[in-house]
Structures are given as C-alpha cells and as structure tokens.
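Undergrad:
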Amino acid sequence: MPPASQQRKLPAPWRLLRTIIRIYGTGVLVFGFVYSAIESACRIGQPFLLGQLILYFDSKRNVASTEEPATLGAAYGYAVGIVLTVLAPLAIFHCYQLYLLQVGMKIRIGCCAMIYRKILCMNNAGDGLSGTVINLMANDVSRFDYAVIFFHDLWKGPVELVIVAVLVYREIGPAGLIGIGFLLLFIPIQAWLGKQSARFRMKAALATDERVRLTNEIVHGIQVIKMYVWEKPFEQMARKLRTKEIKALRGSAIIKSALFALRIVPKVSIFLTLVAYVYFGNALTARRVYMLISFFSVIHHSMVEFWPLAVTSAAEGWISLKRIQQFLFEENVRDHGKQAESRCPHADVPPYVEFKNVHTSWPNSNFSLQDASFRVEATAHRTAAIIGPIGAGKSTLLNLVIGEQSATHGTITVNGTVSYCSQKPWLFEGTVQQNVIFVDTYDETRYRTVVKICALEHDIQTWPHGDQTMVGERGYSLSGGQKARINLARALYRRADIYLLDDPLAAVDAHIANVIFEQAIRDFLQDKLCMLVTHQLKYIHQVEHIIVLEDGKITSQGHYSKELSEWFTSHQLSKDQKAPMDKMLECVEKDEPQVRRTDTQEQTLPAERNVKEGQEDGTVEFKVYIDFLKSVNSIPIVAFTALLMIGYQAASSGTDYFVFIWVDWEETFSNTVHALWTTDDHVWFYTGAIVITIMLTTNSFAFFEMCLKASLHLHAALYRGVTETVMAFFYQNPSGRVMNRFSKDIGLIDTSLPTVMIDSLYFFLELSGIIVIVALANYWLLIPTAIMGVVFYLLRGVFLRAARNVKRVEAITRSPVFTHTNATIDGLTTIRAFGAERFLEETFHQHQDVNTSAAFLFGATTRGFAFWLDVICLLYIASVVMSFLVIGDGIISGNVGLAITQVLNLIGMCNWGIRQTAELENQMTSVERVFEYAQLGPEPDLAPGVQTIVRNEAWPENASITFREVYLRYSPTAEPVLKRLSFTIKAKEHVGIVGRTGAGKSSIIQALFRLTPLHAGDGSIEIDGINIGSVPLRQSRGLISIIPQDPVIFSGSLRSNLDPEERLPDEELWKALDQVELKTTISTFAGGLNTKMMEGGTNLSAGQRQLICLARAILKGSKILILDEATANVDPRTDALLQNTIRTQFTDCTVLTIAHRLNTILDYDRVLVMDAGQMVEFDSPQKLLQIADGFFRRLVEEHGEQEATNSNNNTQRYDID
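Anchor point for the sequence shown: position 108 equals 462 in our numbering, and the numbering is continuous, going up by one each time.
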C-alpha cells in the first residue's frame, strides 16, 4: 500500500461507487423514496392531530370558550388518526430495513470477493499485504451496512426541516423562526463534524492496518520471538502502533461525543422559541406548546439523531470505498514487463523452455538478472540443474518461467504445461491427501506412487489418521522434512510437461534425498522436462544440463562432462585435497556392511491441529460487563461518568416537566391574584434548567474517553495473553482465529461497542424519564406501562437466546475466512503456478457463504424482534392516547400533550433502544472472546515443584548442558516424543545432532528453549549444573542463541531486525554484518541499516536471510549456540561461510548443530545420533564411524556414497575450507 501521506489523497472512488449504484441503486432509491415519503407525511401530520385532540380537552375544561367544542366522535377520530400515523410507516418499515440489510450484505461480500480476487493477482511480497487485507475485510466492508441503511436520511432530514419550518411559522409566527434558525446553525457544524469523522476514520484505518500487519507477523513468528526473548521489544512496537491508532480513534470518539451532545439542540430551540413567543406578547397555550414540541420532535428524530448518523456513515463508507478501490488498483504481478512471452503448447514439439537475452529486476532491491539466454527441452535435457551461490538469481529464473516475475527485456518461451515446487514449503489447513492432490482429480495409482517416491509412506503409517490426518496451517504440525516432501508431492502429483523444483532436497536427510532424486526426479519424471534448483552438488553429474548462475548472470552452462568439464576442473579442489567427507570415508573399513534404512520416524508435533474454536453458550455473563468496566483501570472515572449521565437525564426530563407546569400556570393562574410566580420567574427558572442540561451533555465525552481507556487496556491484555501463552496454543489454533480477535473483535470494541453501549444506557435513562412523566400525567397509565415492560423483557429474552448464539456462530465462521486469506497470501506463487485461483476463490466463497448465512440469520432475527417491539409500542401508544378519552372529564390538556408527545417518541426509541441493548449483548461477545484469549495460561516461569536457585551474575561460567532422563510430551497425557533422554555436553564443545527426518532432533530444541515445558516427573535439563527449570523462563532462553531452519525476518528496518531492543551502536551492527559477509550487500542499499525489510524479508534471498540470523546470534553473544538445520536452504559456499564463522566467532561457545549435510559436522567434537526420540549413539565422529553397522556410519555411507565414488568429480566451487 502507498504511504500514509499518499493515502490521505486517494482519488474519489467513482468507478466502484458507479458499479454498486448500477447493480443495487434502483431498488434502494425507489423503495427508500416510497417509505420516506410515507413516514415523513405521517410524522408531520401528528402535530396537527395532537393539536386538535388537546383543543378538545381545552374546550371541555374551559367552558367559557367562544369556540365551538369538538365532539367526542371527532376526538376519537383524532386519537385514531394519531395511532394510524404510527401504524402506516410501521407496516412497511421492517420489510424496507430487511431489504437494505440484504443490499448492504451483498455489497460487503461482493467487495470481499473482489479483494480476494485481487489478492490472487498480486505479488505476495507486498509490504504489509496480509494486515491491509484483513483490515479491509474485517472493518472497511462492514461500513457499507450502515451507509446503505442511513442513506435516505441524508436528504429526508433537510426536506422535513424545511417543511416543519414553514408549518411552525404559520402556527406561531416569527418566534418559531428563532428556534428553527438556531437549529439550522448547527447543520453546517454537523456536516463539518461528519467530514472530520471521515478524516479520522482514514487515519484510524491506516493505523489499524499497521497494527494488524505487525500483529499478524508476530503471530506467525511467535516461536522465533520467544526463542530470541524479543517479547518486550515487540510489545513496545505493538503498544506504539496501538497508541497511534487510539490517537486517531480519539478524534472519531470526540466527534461522536459532540454529535451525542448536539442532541440537546432541539430542546434549546424549543426553549428559545417559547421564550421569544412569550416576549413577543403572546400567551402560552397547551395546544401551541405541544404542537411546537411535536414539530421539533420530528426535526429531532430526522436531523439530530439520524442525519449525523447518515453523514458519518456516508463519510466512513466513502473512505472505505476509497481504500478498497485503491487496493483494487494496485499493480498486478504480471502488469509490468515488456517481454514477448509465449505459453501456447505445441503438441508436435517436445516441451521446452527458452530464454533470449532476458533482463529483469526486483522492486525494492538492487538485484537484477541480466542477459539470460538458454534453451532446455525434454528430449535433450531431461533434467536441468540450476546452481549458484545465494542471491545469484536461481529462484528468480523459475519465477520468470511461471510468470511470477516479468522480464524488462528479452523473450521467454514456455512450451508445455508447468508444475512448480516452491523453495519454502506451502501447506494449507486440510488433510495430507488434500495438500497433495490440491486441485487435481484423485487418481489412486498416481497418488500412491507419488507418496512412495517422496518417502512419505512410513510417515503416513505413523500418523493417527494416515493421509487423512489434518495438517495445521503452514504445516505447524509437521517437521521441516515432512513439509518439504508434501510440498514436492503436490508438484509431482500434477500431470504436467515441465516440472520446476526449487531446492526440494534441502530440508531432507541424505538417504531421503537420494530416494527423491533417483526415484522421483530421474525415474518418475523420465519423459518430462525438470528444472531443478539445488545446492546438493553431488547430484549434478547425473543431470543432462547445468546452468551456473552468479550475481544475476549465467556464467556457464552445458553438460557436466562435456561443455562444463574445463569449468569444473578450474574451479574444483586438487585431486589430492579431498573434501572432509572423503577424508572421513577413508576411516571406514573396507568391508562395508549392506546399507539398510531404519524405519524410525520422529513423533512430530500433534498432527491433529485443527481444534474447533470454542463457543460460549447462554447469556453473556454480568461478570463480562464488570470486567469491561474494570479494564478502564479507574473507578473514579466510571463513577463520575455514571453520575454525569444520570444527572443529564434528570435535568432533561425535569425541563420537559417544567414546560408542562409553566403552560398549566399560564392557562390557570396567569394574571390572577393566586399567581405566586411571574412569567419572568418561569423564564429564569427555565433558563437555569436548560443551562444545567447543556453543561451535563459533557457526559458523552466522558463516556467515550472511558471506553477508549478500556479498549486500550483490553488490547494490551489480549496481546500479553496471546504472546505469553504456551506454543501448544499456536499449534492448535490457526492464525485466522487469533487474528479475528485482533482485527474484528478489537475493531468492534474500538468503534461500535461504545456507540451501542451509550445508546443502550440513554435508552434506559430516557425510558425511565418517560415512565415518570407519563405517571405524573396520569398514574393509571402505569398499568399498561408495567404490562409493556414485562412483555418487552420476555420478548427480549426469547430473542437473545437465539440471537446471541447466532452472533457467536457468525464470529466463529468469520475465522476461516481470515485463515484462508492468510494461507492464500502465503502460497500465491504455488497457487498461480497450479492455476488454482478458481478453486481457491470457490473455497473462499464457501467460507463467506457460511459466514454470511449466520450474519443474515442474525439480521433477520433482529428485524423480527424489532417488528414485535413496534407492535407492542403501537398498542401502548393506542392505550395512552385512548385512555384520556375513556377517563373523560377533569383531564388537564397539558397532561394530554405531555403524555402523548412523550409516548410518541417511544415508537422509534423503544425499537432502537431494545435492539441496541440486544446488540450490546451480542457485541459483548467480542469482549468475552477477547477476555478468553487475554486470560490464556502463561508459560510457566519455573518448572513444577522446583524452587529458584540463587545464581551469580556470571552464570553460566561453563556452558555445559546435561539432560537427565528427559521425557518430552506435548500434553500431560500424550505419548513422549523424547524418551528417557540422558547425555552431557561439555562447555565449549561442538556437538552435531543427526538422525533421519523425524527422529526427535528438533524436539531437543523444544526442550532446551522450554517451548514445550517438561511435566512433573519428566526429568530435568541443566546448564552449568543448574536445573533450567529453576531459572526464570526468559533468563533461561536468553542464554541460548539460535539460527533457525526457516529464517524469520520482520517488516521494518534492518536495524530493528538485528537489534529490536536498540541497545547496540551502529558500529557493532556493521561489524556483525561484516563477519557474515553481508556488509558489502547492505552498503549498496540506499538506507543502509535503515533499509526497509519487506514482510517475510522477501527483498533478500533465502541464504541472505539466514546470514541475518547468524548476525543476530553474533550480536546476542550467548554462550550456547544452536543451529537448527540452518544450512538446509543455502549453497555450499554460504554453508562453508556459516561454519567458518561459527568456528571463529563462537570459539568460547557450546555449539549444537542439527545437520542434514553431515560434512558440516564431521570435524565436530562429538555427534549425538537420535532415533525414534532416543539417543542411540554419542561419541566423536571418528569413533562412531568405526562401529560396524552403526547408525551414524550408515548415515554417512548414505550421504557420502556419491562423494566416495565420484571424489574426482565432486564440485567444491563454493566451499571454503
């Protein structure tokens, strides 16, 4: 997305708006106009009917009146007329609202579908793409619901205002224009506030984008953050972004507060009109006063309550349209580039790929591929290997073939269908079988063959449900090798002419690499063209064509023993200087035992990851409301706000009742000897009451500020709850589920919840005021009031039982939408290479359909509830209006006007208020869901039953590591993945940890970092003789540095990726970069240390990202270093650089290396061999190689077979030794 400064000046979204109007405009405009006309006519007719009814009671009371009194029949006619003016709009209102709800929902899901379709065309290296998309789908599109519902109030309010102004002038003359004029003064203010609201909405949306993006990265990189002990600096980053977001939200909150405060304007307008009317020499009468109040009630309803809502909703909808249109206009992945490209397969020509003088470059990077020319075809070049150091452009070459990268010059011709295996395995949430088959039809024979040649058969047998075992999002439940093999299986299962395999052998051990190369790449793809990127140089003598890339240029190409024989001779080691592997193989006895594979596999993380999202049942507990108020962290603020709101309502209702007293005085005691007060006294008292009421309107400002404080603290609690909980939580819950809390739920608490809550509180306060006033007018009306209250309560209970659970279902079904979107963004390259866009889009629509079904069901339930509320209100209004006629004589006309004007407000107010109280309870489910994660159990700081031991500051002086009968389980009842593991590693010793894919190697790291805590009785781990369970968790993790298998780079500056705590000077950072040979590369970037990293570090190659992780380890300066298959995805030169750096920079450290490339650990002090979660061998490599039929010996033989037989051909182009 563009920077904030550009975003504020986004072009008007006329194209998107025009499309929406073309599809839905006619129905909304026609239906809306018909309904608005009927409602306006009825509301404006009410004051005249009320006036005639009051006149009837006046004539009954004042017998001396010269006017002919109305008959009882006429009075009943007026009363029925009032009831009918309520009934007529009610008859079509709810059908109209349900229609608008449908339209708003269709616009919302249509925009979501367009956003998703756009994602499928975008570059997944986009900065903060996932955060922006989640915010657009979670918050921006929801603005359309309100924009459509309130659209007609934009014109209806001003039209009613003009009509009422004319009628008020006709009724009471110029005095009426004073009040109307005062009210008109505030319309520009409301419009300006609406415009400001849009500006703050844009600011808040941009701030939310940033916060959601960072949170999304934190959730995905949580394991690395925990291992680096970076929780605090990332919490500070999140808090900084949250504070920025709250600052923007505070602007919106102040505007909402001001709009709520402006509800006092009609009351002040009535005050000015009445005072002016009196001082113009007129006498107040009940008929004129209550007709005037009734007219102003019409304006209050349309201009004060709904017009500001319409303005802010339209403004926010407009901003959302802008943001969505801007996103839809983002550049597509294939939009740039000018190359002539052919992808039309010719059946009579064998599959081939041809590059002619191709140039390309990456955005936000200095890298470019220059003058690439080659042709490989299935007949002459069955397997083409692409080799070269990290950052040479190998993956870029494949991206050009599949169209992910466009050439700026030259031509690319691809003849044949393409299948692609990405360097970083991409798995989605589904079964193992679904991940392999993907979009193709199921073929049992081919599927079984692919599973076999990818060495997945044994894994499938060990998983609880075989190939129907659920794979967690991003394959969290699998080891690195298993993820890589499933990723490869998907590419091989697809029937294609050309197979592009980006380093598929990196993450697997030597034996499995041999199986995959021989059985999959050579045999299975025998008649196909295979372009293989690899760092495993031992295989290149078997391929038909080799392309050597260096610094973005093809330096050599051809066959290993023909065109490239001289090149390899000039770049290889001398014949008498053998590789470390060759030297070690000389130690192996001549009579080699038969190599056989052990059928042992690591028990990986719990494979059944897809735990269903919990759904609370029943009422939102009162405790949730109390906890929400507690989260304000200030009882005085809560108490002060409550007093302000109660005081405001008391003053407001008191003012209304005082008008009745004044009118009654004017009609009864004015100009008589019994008058104790004068008109001026009443005016002064009235003025004082109005001034106090105006001052108390500050309650809305206090309330919104209180809610912002609560929201700020809730987000902080949610963040801490999620980031401090155990890793098992992230294995069991997909990121979409977690991000749903951080995006949609927090978004509701930020914006919607305060409005709904204040509406509900005002409703209860206003309802109490109306009941008191009606009771004072006629205490017999307490009977229908009580009946109405009981029916309301019962009806609300029936509605909430259904609606609450429907709302929870809606929230739960929203999570898969986000999870699916996240997975799509992660796997865009694979999805496009497989042509799976339609399949993924249909899956997205299915998720949306389920979610929309729940949302519509909730909307329809709400509408049915509102209808019955209105019916009850109508009956109550009828009972109040008719009661005065039934009672008959002795009724004060002022009482009639007072009671009827109050109850007429009920029809809208009760409908809105009861619905808002129900909506409040539904929205409190968001608070409930946030509390659910905020209260997650944190990682235990100490092991169970272990006391803290006093340690000196220099601990550990000797970084020895001891495992004592360690059992590691992922839950107290699960089978152990490490079984009675006992060993001791001496201080400063370099130890290699080896074993087949899935033997338990990575579980040792889980135990050392306490990512999976040891349960009571499951042994202990000691560093320098002290049980790490007795050391505070973060201090314990701080002792260890790690270079993980998958390097994690966060968006932000390079400096923040190296030193997020900002504790080191620039000199040390540059020194560390120099030590890992990245200083020259980073120096070429314009920003240097402040170079902006793209999300996931996509502007660096995989090897460069790994070197960044090595620089982190150097800067951390720990006494223990762990390499978790850190060289799996790098070329031999970078591998050698890593090993050389470790030997020179970490001489005083204890080093543990989990390795697939055994030559990297053959000069280590000792090697720990793991099998099925147990230690099977532990000694020096030389001694282990002497053991006949030993595990390590077999691994070396499998790994080194090719080197042993082809030592003269072994290419060491990139090794430093």
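Ideal Cβ positions, reconstructed from N, Cα and C, are used throughout, including at glycine. Note that the coordinates shown come from a computational prediction; the quantities given were computed from them, not determined experimentally.
For Ile908 versus Ile900, is the C-beta distance shorter than 7 angstroms?
TA: By one-based count along the sequence shown, residue 908 stands at place 554. By one-based count along the sequence shown, residue 900 stands at place 546. No, the Cβ-Cβ distance between Ile908 and Ile900 is not below 7 angstroms.
Undergrad: For the beta strand (DSSP E) containing Asp1525, name the first residue and the last one.
TA: Here residue 1525 corresponds to residue number 1171 of the sequence shown, with the count starting at 1. Taken as a continuous stretch (DSSP letters only), the beta strand (DSSP E) holding Asp1525 covers 1520–1525.
Undergrad: Going by DSSP in three states, Asn636 sits in which element: helix, strand or coil?
TA: As a working mapping, residue 636 is identified with position 282 in the sequence shown. Asn636: coil per DSSP, three-state reduction.
Undergrad: Tell me the rounded alpha-carbon separation between Phe1039 and Pro620.
TA: On the sequence shown, residue 1039 is found 685 positions in, with the first residue counted as 1. On the sequence shown, residue 620 is found 266 positions in, with the first residue counted as 1. One C-alpha to the other measures close to 18 angstroms.
Undergrad: At the level of alpha carbons, what is the spacing between Gln550 and Ala1082?
TA: As a first step, residue 550 is located in the sequence shown; it is residue number 196 there, counting from the start. As a first step, residue 1082 is located in the sequence shown; it is residue number 728 there, counting from the start. Looking at the two C-alpha atoms, the distance is approximately 45 angstroms.
Undergrad: Quick check: the Cα distance between Ile572 and Leu682, rounded to an integer number of angstroms?
TA: As a working note, residue 572 is residue 218 in the sequence shown. As a working note, residue 682 is residue 328 in the sequence shown. Approximately 27 angstroms, taken between the alpha carbons.
Undergrad: Which residues bound the beta strand (DSSP E) around Asp1203?
TA: Numbered from its first residue, the sequence shown carries residue 1203 at position 849. Element bounds for Asp1203: not the beta strand (DSSP E) but the alpha helix (DSSP H), 1191–1241.
Undergrad: Let's test the definition: count the other Cβ atoms within 10 Å of the Cβ of Gly379 and tell me whether it reaches 16, buried, or not, exposed.
TA: Taking the sequence shown and counting its residues from 1, the one referred to as residue 379 is at position 25. Answer is exposed; the Cβ neighbour count stays below 16.
Undergrad: Please list, in chain order, all residues of the same chain as Tyr1321 whose beta carbon is under 7 angstroms from its beta carbon, the five residues on each side excluded.
TA: Residue mapping note: residue 1321 aligns to position 967 of the sequence shown, counting from 1. Here the set comprises Pro1330, Leu1332, Lys1333, Arg1334, Asp1372, Gly1373.
Undergrad: Quick check: what's the CA-CA separation for Lys1342 versus Val862?
TA: Within the sequence shown, residue 1342 is the residue found at index 988, counting from 1. Within the sequence shown, residue 862 is the residue found at index 508, counting from 1. Answer to the nearest angstrom: the Cα atoms are 28 angstroms apart.
Undergrad: Return helix, strand or coil for Pro1292, following the three-state DSSP convention.
TA: On the sequence shown, position 938 is the one that residue 1292 refers to. In the three-state DSSP reduction, Pro1292 falls in the strand class (E or B).
Undergrad: In the DSSP assignment, find the unbroken alpha helix (DSSP H) run with Arg1155 in it and report its ends.
TA: The residue labelled residue 1155 in the question sits at position 801 within the sequence shown. Start and end: 1136–1180.
Undergrad: When DSSP labels each residue in this structure, what does Asp412 get in the three-state scheme?
TA: Numbered from its first residue, the sequence shown carries residue 412 at position 58. Three-state DSSP puts Asp412 in a helix.
Undergrad: Would you say Gln679 and Pro367 are within 7 angstroms of each other, going by their C-beta atoms?
TA: One-based indexing of the sequence shown puts residue 679 at position 325. One-based indexing of the sequence shown puts residue 367 at position 13. A Cβ-Cβ contact shorter than 7 angstroms links Gln679 with Pro367.
Undergrad: Thinking Glu1552 and Ala864 are a contact (beta carbons under 8 angstroms), I'd like their distance in whole angstroms, please.
TA: Here residue 1552 refers to the residue found at position 1198 of the sequence shown. Here residue 864 refers to the residue found at position 510 of the sequence shown. Indeed they touch by this definition, with Cβ atoms about 5 angstroms apart.
Undergrad: Should Leu409 go down as buried or exposed, given a rule of 16 or more other Cβ atoms within 10 Å for buried?
TA: Counted from its first residue, the sequence shown places residue 409 at position 55. So Leu409 ends up on the buried side.
Undergrad: Which residue comes first and which comes last in the alpha helix (DSSP H) that contains Ile532?
TA: For the purposes of this step, residue 532 is taken as residue 178 along the sequence shown, with counting starting at 1. For Ile532, the uninterrupted alpha helix (DSSP H) run begins and ends at 528–574, by DSSP.
Undergrad: Thinking just about the alpha-carbon of each residue, which of Pro1398, Thr1271, Glu514, Ile791 is nearest to the one in Pro1108?
TA: Counted from its first residue, the sequence shown places residue 1108 at position 754. Put simply, of Pro1398, Thr1271, Glu514, Ile791 the residue whose alpha carbon is nearest the alpha carbon of Pro1108 is Thr1271.
Undergrad: Which of helix, strand or coil does DSSP assign to Asp863?
TA: Mapped onto the sequence shown, residue 863 falls at position 509. Asp863 falls in the coil class under three-state DSSP.
Undergrad: Tell me the rounded alpha-carbon separation between Lys510 and Glu585.
TA: By one-based count along the sequence shown, residue 510 stands at place 156. By one-based count along the sequence shown, residue 585 stands at place 231. Going from the Cα of Lys510 to the Cα of Glu585 covers about 53 angstroms.
Undergrad: Pick out whichever of Val658, Phe1058, Ile624, Pro704 has its Cα sitting closest to the Cα of Pro542.
TA: Reading the sequence shown from its first residue, position 188 is the one you call residue 542. Considering only alpha carbons, the answer is Val658.
Undergrad: Below 7 angstroms CB to CB, which residues in the same chain sit around Asp945 once its five sequence neighbours on both sides are set aside?
TA: Numbered from 1 along the sequence shown, position 591 holds the residue referred to as residue 945. Residue placement at Asp945 is poorly supported in this model, since its pLDDT is 34, which falls under 50; the coordinates still yield a value, given next. Within the same chain, Asp945 has no close Cβ partners at all.
Undergrad: Mapping the DSSP letters down to three states, classify Met824 as helix, strand or coil.
TA: Sequence index remark: in the sequence shown, residue 824 carries index 470 (1-based). Strand.
Undergrad: By Cβ distance, which residues of its chain are closer than 6 angstroms to Arg1391, with the 5 residues on each side in sequence left out?
TA: As a first step, residue 1391 is located in the sequence shown; it is residue number 1037 there, counting from the start. If we look at Arg1391 and ignore the five residues flanking it on each side, its Cβ neighbours are Val583, Phe1363.
Undergrad: Counting C-beta neighbours from all protein chains within 10 Å, is the total for Ala1253 16 or more, i.e. buried, or is it exposed?
TA: As a first step, residue 1253 is located in the sequence shown; it is residue number 899 there, counting from the start. Ala1253 comes out buried.
Undergrad: For Arg642, which of Gly635, Thr714, Val522 has the nearest alpha-carbon?
TA: On the sequence shown, position 288 is the one that residue 642 refers to. Among Gly635, Thr714, Val522, the Cα nearest to that of Arg642 belongs to Val522.
Undergrad: Leaving out five residues before and five after Val730 in sequence, what residues of the same chain have Cβ atoms less than 6 angstroms from its Cβ?
TA: Working through the sequence shown from its first residue, we reach residue 730 at position 376. Excluding residues within five positions, the ones whose Cβ falls inside 6 angstroms are Val707, Ala738, His899.
Undergrad: Measure from the alpha carbon of Leu371 to the alpha carbon of each residue in Gly548, Ala668, Ile526, then state which is nearest.
TA: Looking up residue 371 in the sequence shown gives position 17. When only C-alpha atoms are compared, the closest one is Ala668.
Undergrad: If you draw a straight line from the alpha carbon of Thr1051 to that of Leu1393, how long is it in whole angstroms?
TA: Translated into positions along the sequence shown, residue 1051 becomes position 697. Translated into positions along the sequence shown, residue 1393 becomes position 1039. One C-alpha to the other measures close to 57 angstroms.
Undergrad: If you draw a straight line from the alpha carbon of Glu1021 to that of Ile609, how long is it in whole angstroms?
TA: Start at 1 with the first residue of the sequence shown, and residue 1021 comes out as number 667. Start at 1 with the first residue of the sequence shown, and residue 609 comes out as number 255. Computed Cα separation, rounded: 42 angstroms.
Undergrad: Classify Ala445: buried if its beta carbon has 16 or more other beta carbons within 10 angstroms, exposed otherwise.
TA: Your numbering for residue 445 matches position 91 in the sequence shown. Residue burial is scored here from C-beta neighbours: Ala445 has fewer than 16 other C-beta atoms within 10 angstroms and is therefore classed as exposed.
Undergrad: Ignore the nearest five residues each way along the sequence and tell me which others in Leu859's own chain have a CB closer than 7 angstroms to its CB.
TA: Translated into the one-based positions of the sequence shown, residue 859 becomes position 505. Ala867, Ile870, Phe871, Thr888, Gln890.
Undergrad: Would you say the stretch 831–843 touches the stretch 800–815, given that touching needs at least three Cβ pairs under 8 angstroms?
TA: yes
Undergrad: Using 8 angstroms as the threshold, is the stretch 1353–1363 in touch with the stretch 1284–1302, meaning 3 or more CB pairs across them?
TA: no
Undergrad: Compute the beta-carbon to beta-carbon distance between His1344 and Tyr1518, rounded to the nearest angstrom, for a pair I have assumed lies under 8 angstroms.
TA: Looking up residue 1344 in the sequence shown gives position 990. Looking up residue 1518 in the sequence shown gives position 1164. Their Cβ separation, rounded to whole angstroms, is 4 angstroms, which keeps His1344 and Tyr1518 in contact under 8 angstroms.
Undergrad: Who are the Cβ neighbours of Ala637 in its own chain at under 8 angstroms, not counting the five residues just before and after it?
TA: Residue numbering aside, residue 637 sits at position 283 when the sequence shown is read from its first letter. Glu1020, Ser1024.
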